[in-house]
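Asker: In terms of my numbering, the sequence shown has 180 at position 89, counting the first letter as 1, and numbering is strictly consecutive.
Ideal placement from N, C-alpha and C gives every residue a C-beta, glycine not left out.
This is the structure, below, for whatever I ask next.
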Amino acid sequence: MFTYFHCYLPETWDAQVKAGLITDKTAGVRHVMTIRLDEDKKFNELAKKGSELYKIIAEKGYPFYIDRLQGGDYINPYEYDMDLIEEYKRLLGEKFFGFQMHEWLSNYKNDLNCLKGLPDDKWTAEEIEKDVFRRNPFPFLNLSFMTAEEMEKARPKTLEDFLSVGEKIYERRQKQTRGELTSCDSYFLTFPQEIKRGTKRIMPEIGQQTPNTRIQLAYARGMAKAHGIKYGAYYESWGGRPFSVCCYQKDGINEWGIRQAADFPFEMK
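This is how it looks when you write it as structure tokens:
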């Protein structure tokens, strides 16, 4: 069954429905989660029982997932109301698609590259934070795969170390979400590692930043068929110079809570 996941925003949902963009036959809902959002736009508040989002999901039974637990953004140590997660699982069953785990291994590599100049004797959570903020003076710590405290214990010396650390963090996040990760990979296509750890939904990120889309999709489709799980694609529409994308804005802020380039290495158009 084909499902197109529409971003839920209270400001735009009704307009999308009236424009005919959201139809019961193919519609799904994705809730964008980022540390930059105001509290009323974060999951525990926006999706609570009785909210407009909850009513839509309960009435329509649309497939639903959280975009994202982590990856491609500042690490977000948000504490999800797991009772609320269980409520959505009760409502939707297999149509609850959980939490997107975005580009986890490539994000780990990028974080390590950012810190490669930090000597071993300064490889502590405090010094890691200082070094990251010095190189990337944004409002939040610009690590994507793990917290500084986790990173302190995870400086790999070999490829085997790198893979082992990455897989252990994936397992930790899978446990944290009670087995509800949906993987989204780009140039590290780690479907076998994810499926081995109980992942029930996989998707490559495709678009102008990543070549060989047909290979990505063929690989995902084959792995999904072989293991009896679901697969899809996450389309990225950003790119160019300056690195930017066309997106919805209201009062100068978009769905990702980005107001200006100083908020994130990104330009809105």
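Can you tell me whether DSSP reads Thr215 as helix, strand or coil?
Answerer: In this structure, Thr215 counts as coil in the three-state DSSP scheme.
Asker: Kindly indicate which residue of Leu196, Glu243 and Val223 has the alpha-carbon position closest to the one of Glu214.
Answerer: Sequence check: residue 214 is Trp here, not Glu. With distances taken between Cα atoms, Trp214 lies closest to Glu243.
Asker: Based on the DSSP output, what are the partners of Ser274 in its beta bridges?
Answerer: Answer is Met192 and Ile293.
Asker: With a threshold of 16 other CB atoms inside 10 Å of the CB of Tyr156, please say whether the residue is buried or exposed.
Answerer: buried
Asker: Straight-line CA distance for Asn233 to Gln307?
Answerer: 28 Å
Asker: How is the beta strand (DSSP E) around Asp158 delimited, first residue to last?
Answerer: Phe155 to Gln161
Asker: State the Cα-Cα distance for the pair Asp212 and Leu206, rounded to the nearest angstrom.
Answerer: Spanning the two alpha carbons is a distance of roughly 13 Å.
Asker: Any idea which residues DSSP pairs Lys341 with across the strands?
Answerer: Ile344
Asker: Could you give the DSSP three-state label for Met359: helix, strand or coil?
Answerer: Residue confidence for Met359 is low, a pLDDT of 49 falling below 50, so the modelled location carries little weight and cannot support an answer.
Asker: Would Gln284 and Gly330 qualify as a contact pair, given that the criterion is a beta-carbon distance under 8 Å?
Answerer: no
Asker: Would you tell me roughly how many angstroms separate the C-alpha atoms of Thr103 and Glu346, rounded to the nearest one?
Answerer: 10 Å
Asker: Can you give me the C-alpha to C-alpha distance between Ser235 and Glu251, rounded to a whole angstrom?
Answerer: 21 Å
Asker: Please go through the same chain and pick out, in chain order, the residues whose beta-carbon is closer than 7 Å to the beta-carbon of Thr117, but skip the five residues on each side of it.
Answerer: Phe93, Thr94 and Tyr95
Asker: Excluding sequence positions up to five away, which residues of its chain have a Cβ less than 7 Å from the Cβ of Pro101?
Answerer: Glu143
Asker: Taking the alpha-carbon positions, what's the Leu314 to Asp276 distance?
Answerer: It is worth fixing the name first, because residue 314 is Met in this sequence and not Leu. Rounded to the nearest angstrom, the two C-alpha atoms are 13 Å apart.
Asker: Apply the 10 Å Cβ neighbour rule to Thr273 and answer buried if 16 or more other Cβ atoms are within range, or exposed otherwise.
Answerer: buried
Asker: Is DSSP giving Thr301 helix, strand or coil here?
Answerer: Of the three classes helix, strand and coil, the one that applies to Thr301 here is strand, per DSSP.
Asker: Across which residues does DSSP place Val223 in a beta bridge pair?
Answerer: Beta bridge pairing from DSSP links Val223 with no other residue.
Asker: Helix, strand or coil for Gly208? Go by DSSP, reduced to three states.
Answerer: In the three-state reduction of the DSSP assignment, Gly208 falls in the coil class, being assigned neither a helical nor a strand state.
Asker: Less than 8 Å between the C-beta atoms of Met124 and Asn167, yes or no?
Answerer: yes
Asker: Would Thr249 be called buried (16 or more neighbouring beta carbons within 10 Å of its own) or exposed?
Answerer: The residue is exposed, with fewer than 16 neighbouring Cβ atoms inside 10 Å.
Asker: With respect to the alpha helix (DSSP H) encompassing Phe134, which residues constitute its N-terminal and C-terminal limits?
Answerer: Residues Phe134 to Leu137.
Asker: Please state the DSSP three-state secondary structure of Trp104.
Answerer: helix
Asker: Name the DSSP beta bridge partners of Phe93, please?
Answerer: Beta-bridge pairing links Phe93 to no other residue.
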